[in-house]
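Chemist: Numbering (our numbering), first residue to last: 10 to 696.
Every residue, glycine too, gets a C-beta built ideally from N, C-alpha and C.
Everything numeric in this text was worked out from a predicted model, so none of it was measured.
Pasting in a structure now, in structure tokens, and then I'll have a few things to ask.
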Ligand code: SF4
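This is the structure:
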């Protein structure tokens with residue numbers, strides 16, 4: 010029996026845990042601890058432990074598929090490429106759009122944006138970061154000059170006070186949750202604000218249930234109390250920031266007094282005051298946040314408000330401090346870094362700055378798309394649905410907008426308007442079913458590459474087995490398509506390592522990285538601009554990333570969500586994940602041990618709301634919003650605040666996103682997944 014252990018990085022959440030894939034007779038058969046990884050030291054959450062289960066699923070795509078007379082038929086790669094090339098060549102740049110993926114490697118994201126911009130000449134390239142942390146990228150870049158998590162994961166364990174806002178860290182980033190537990194054991198205070206009494210909230214010393222979407226009011230209330238008591242860090246504010254006075258003018262308004270903020274958020278005033286005191290007086294304090302604050306029409310405001318709090322108290326640029334934006338998918342940080350966004354090339358080099366565009370033209374050796382911001386995922390879907398014929402051709406790699414995007418009826422309408430659609434994935438998905446061509450891709454265990462975790466750590470995937478059937482690595486498919494489109498010189502790559510060499514040449518923050526340096530288990534944190542640079546686990550130690558080195562305060566007023574409860578839709582609906590499933594369920598729902606734990610969706614309802622509606626625990630109910638309705642089992646629990654209901658969004662059969670609102674943050678174009686108005690109805694029992 011031939012057996013080996015191949016060290017690699019987990020394909021699920023942004024923690025970036027390492028493990029060994031156990032390979033027997035050339036097939037992945039299990040996962041074993043890799044104790045030398047600094048992120049998780051051999052420990053894994055359930056998803057990591059079962060990350061091998063979907064790899065050899067019989068459902069894997071193994072051959073290209075072309076739709077003929079409404080049915081998919083198997084085709085050769087040659088046939089598929091010929092059809093795709095003839096179609097791609099028949100459209101103009103702006104008539105096409107590409108969606109890249111937070112699940113695939115850095116190298117593949119880099120190539121996808123290069124393919125869109127250099128081959129198709131379209132500025133329309135984006136990916137699902139738009140749906141989770143676009144507001145982080147914009148908000149933190151505005152405040153600090155860099156839109157990423159400021160401190161490392163291990164550093165969270167050193168903090169003396171941790172404020173968790175809009176993150177169920179113990180379930181969504183379990184190995185970061187472990188650092189919260191370690192910090193608490195070492196004496197740190199833990200505060201959690203969330204409408205749900207999550208496992209993370211249960212760990213907290215102070216739990217504040219509040220109405221979804223009232224984050225800016227809460228943060229302004231905390232900051233006003235700090236300033237009123239003279240607890241602000243005057244030295245940090247004077248030396249390292251600007252625009253404090255403009256910010257102070259807004260935050261000190263009567264609207265943000267403890268009493269008023271208590272009315273808006275429904276949090277007792279004394280708890281807001283305690284939060285302010287613990288944060289301001291701690292030797293170091295960290296804010297951990299995730300999609301609970303980013304997925305709002307005020308997502309950018311929420312993020313900037315967190316930045317205001319950390320500058321006000323001077324908890325930045327030091328151990329145990331920071332703003333820890335916990336990125337969701339394994340490589341959503343990397344996909345952003347690689348320029349799979351409508352407004353930037355790799356390394357956040359703006360497409361509208363002529364020198365940046367010229368740099369890419371020179372590096373790639375060809376003309377590229379016009380220097381303008383392209384359509385984001387959210388705007389693309391709106392354009393497809395509401396202006397048919399504007400964008401006619403879409404190429405999607407590793408994304409499933411038919412489950413992940415808000416208001417799914419609208420998404421379906423849009424995708425059905427596309428004339429020619431190519432989907433590249435490891436399984437047939439709800440989106441793939443609407444495509445003209447489906448290309449079979451290799452999964453993380455079947456290729457080399459790198460991914461960048463939420464703490465900006467760039468780590469390797471190592472190939473453990475061959476892909477099934479004729480499936481190929483995404484980077485190989487893009488290279489072959491690039492060549493078939495006549496761009497041989499731009500896509501000469503024979504390995505992921507060769508692509509990474511080009512990435513490091515054109516991306517300043519990755520400039521000092523190469524595969525030899527990344528081979529060590531600890532890998533490297535960006536920025537790492539030169540071969541001698543050790544990487545940067547903590548950002549903004551001496552100065553912020555703006556040209557003048559100063560952090561910028563932003564005055565922010567509280568605004569209600571786009572849709573608030575009324576007599577027809579009297580409850581607030583919020584969505585999220587559970588520990589056993591992942592995102593659209595493509596991988597976890599094909600993992601026996603994970604699917605068995607939570608095989609379908611549910612809606613959490615507070616006992617008082619349930620009683621008023623006559624709903625019993627486990628009873629199937631109808632959930633209705635202005636956009637659609639689903640039938641779903643009720644979970645009656647005190648763990649959800651009265652007036653709020655929660656649904657996980659993994660399940661196609663009761664898709665929460667049929668109900669969610671696609672109202673967008675005006676700056677980051679992120680949809681308001683986390684708050685919409687909903688009505689629950691008892692389903693009449695059959696007589
Ligand atoms: Fe994978 Fe995240 Fe679990 Fe770590 S915490 S094993 S990265 S899913």
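From 600, 354 and 663, pick the residue whose C-alpha is nearest to that of residue 61; which is it?
Modeler: 600
Chemist: Count the other CB atoms within 10 Å of the CB of residue 349; is the residue buried (16 or more) or exposed (fewer)?
Modeler: It counts as buried.
Chemist: Could you pull out every residue in the same chain whose Cβ sits closer than 6 Å to the Cβ of residue 611, ignoring the five residues on either side in sequence?
Modeler: 642 and 644
Chemist: Given residue 15, which residues of its chain have a CB within under 7 Å of its CB, disregarding the five upstream and five downstream residues?
Modeler: 29, 30, 32, 471 and 473
Chemist: Do residue 25 and residue 638 have their beta-carbon atoms positioned less than 8 Å apart in this structure?
Modeler: no
Chemist: Have a look at 49, 50, 53 and 65 and flag the residue whose alpha-carbon is nearest the alpha-carbon of residue 453.
Modeler: 65
Chemist: Let me know if residue 478 comes out buried or exposed under the rule of 16 or more other beta-carbons within 10 Å of its beta-carbon.
Modeler: exposed
Chemist: Pick from 19, 628, 155 and 502: whose alpha carbon is nearest that of residue 358?
Modeler: 155
Chemist: Roughly how many whole angstroms lie between the Cα atoms of residue 688 and residue 579?
Modeler: 6 Å
Chemist: Name the one or two DSSP bridge partners that residue 539 has.
Modeler: Beta-bridge pairing links residue 539 to no other residue.
Chemist: Do residue 486 and residue 450 have their C-beta atoms closer together than 8 Å?
Modeler: Between residue 486 and residue 450, the CB-CB gap stays under 8 Å.
Chemist: Roughly how many angstroms lie between the CA atoms of residue 697 and residue 278, to the nearest whole one?
Modeler: An answer regarding residue 697 cannot be provided, because it is not within the stretch 10 to 696 covered by the chain.
Chemist: Please report the residue range of the alpha helix (DSSP H) in which residue 228 lies.
Modeler: First-last of the alpha helix (DSSP H) with residue 228: 224 to 237.
Chemist: Whole angstroms is fine: what's the gap from residue 671's alpha carbon to residue 416's?
Modeler: Approximately 6 Å, taken between the alpha carbons.
Chemist: Quick check: the segment 423 to 442 against the segment 142 to 151, are there 3 or more CB pairs under 8 Å?
Modeler: no
Chemist: Does the beta-carbon of residue 25, which I'm using as the reference point, lie nearer than 7 Å to any heavy atom of the ligand SF4?
Modeler: yes
Chemist: Considering only C-alpha positions, which residue in the set 332, 270 and 252 is nearest to residue 233?
Modeler: If we check each option's Cα against that of residue 233, 270 comes out closest.
Chemist: Let me know the secondary structure DSSP gives residue 659 once reduced to three states.
Modeler: Coil at residue 659, not helix or strand.
Chemist: Which partner residues does residue 617 have in the DSSP bridge list?
Modeler: Per DSSP, none; premise fails for residue 617.
Chemist: Tell me which residues share the same chain as residue 429 and place their Cβ nearer than 6 Å to its Cβ, disregarding the 5 neighbours each side in the sequence.
Modeler: 96, 402 and 445
Chemist: Considering only residues of the same chain and omitting the five flanking positions on each side of residue 657, which have a CB-CB separation below 8 Å?
Modeler: 584, 585, 586, 587, 590, 607, 610, 611 and 665
Chemist: Looking only at its chain, what residues have a beta carbon closer than 6 Å to the beta carbon of residue 594, apart from the 5 residues adjacent to it on each side?
Modeler: 659
Chemist: Between the Cα of residue 204 and those of 537, 186 and 174, spot the shortest distance and give me the residue it belongs to.
Modeler: 174
Chemist: Do the segment 325 to 335 and the segment 162 to 171 make contact, defined as three or more Cβ pairs closer than 8 Å?
Modeler: yes
Chemist: How is the alpha helix (DSSP H) around residue 700 delimited, first residue to last?
Modeler: With the chain covering 10 to 696 only, the question about residue 700 has no answer from this structure.
Chemist: What are the start and end residues of the beta strand (DSSP E) that includes residue 669?
Modeler: Note, residue 669: premise wrong, no beta strand (DSSP E); not H, not E.
Chemist: Consult DSSP for residue 679 and reduce its assignment to one of helix, strand or coil.
Modeler: coil
Chemist: Can you name, in chain order, every residue of its own chain whose Cβ lies under 8 Å from the Cβ of residue 414, other than the five neighbours on each side?
Modeler: 140, 386, 387, 390, 420, 666, 671 and 680
Chemist: Could you tell me if residue 463 is buried or exposed, where buried requires 16 or more neighbouring beta carbons within 10 angstroms of its beta carbon?
Modeler: buried
Chemist: Nearest-angstrom Cα distance between residue 219 and residue 281?
Modeler: 11 Å
Chemist: Return helix, strand or coil for residue 690, following the three-state DSSP convention.
Modeler: strand
Chemist: Inspect the CB distances between the segment 75 to 95 and the segment 45 to 62 and report whether three or more fall short of 8 Å.
Modeler: no
Chemist: Got a sec? Which residues, its chain only, sit under 7 Å from residue 441 by beta carbon, not counting five neighbours each side?
Modeler: A distance below 7 Å between beta-carbons, with the five flanking residues on each side excluded, links residue 441 to the following residues of its chain, in chain order: 432, 434 and 447.
Chemist: List in chain order: all unbroken alpha helix (DSSP H) runs of 4+ residues lying wholly within the segment 300 to 337.
Modeler: 300 to 303 and 308 to 322
Chemist: Shortest alpha-carbon distance to residue 436 belongs to which of 407, 224 and 259?
Modeler: It is 407.
Chemist: Would you please state the rounded distance, in angstroms, between the beta carbons of residue 374 and residue 363? I believe it to be under 8 Å.
Modeler: Actually they do not touch by this definition, with Cβ atoms about 18 Å apart.
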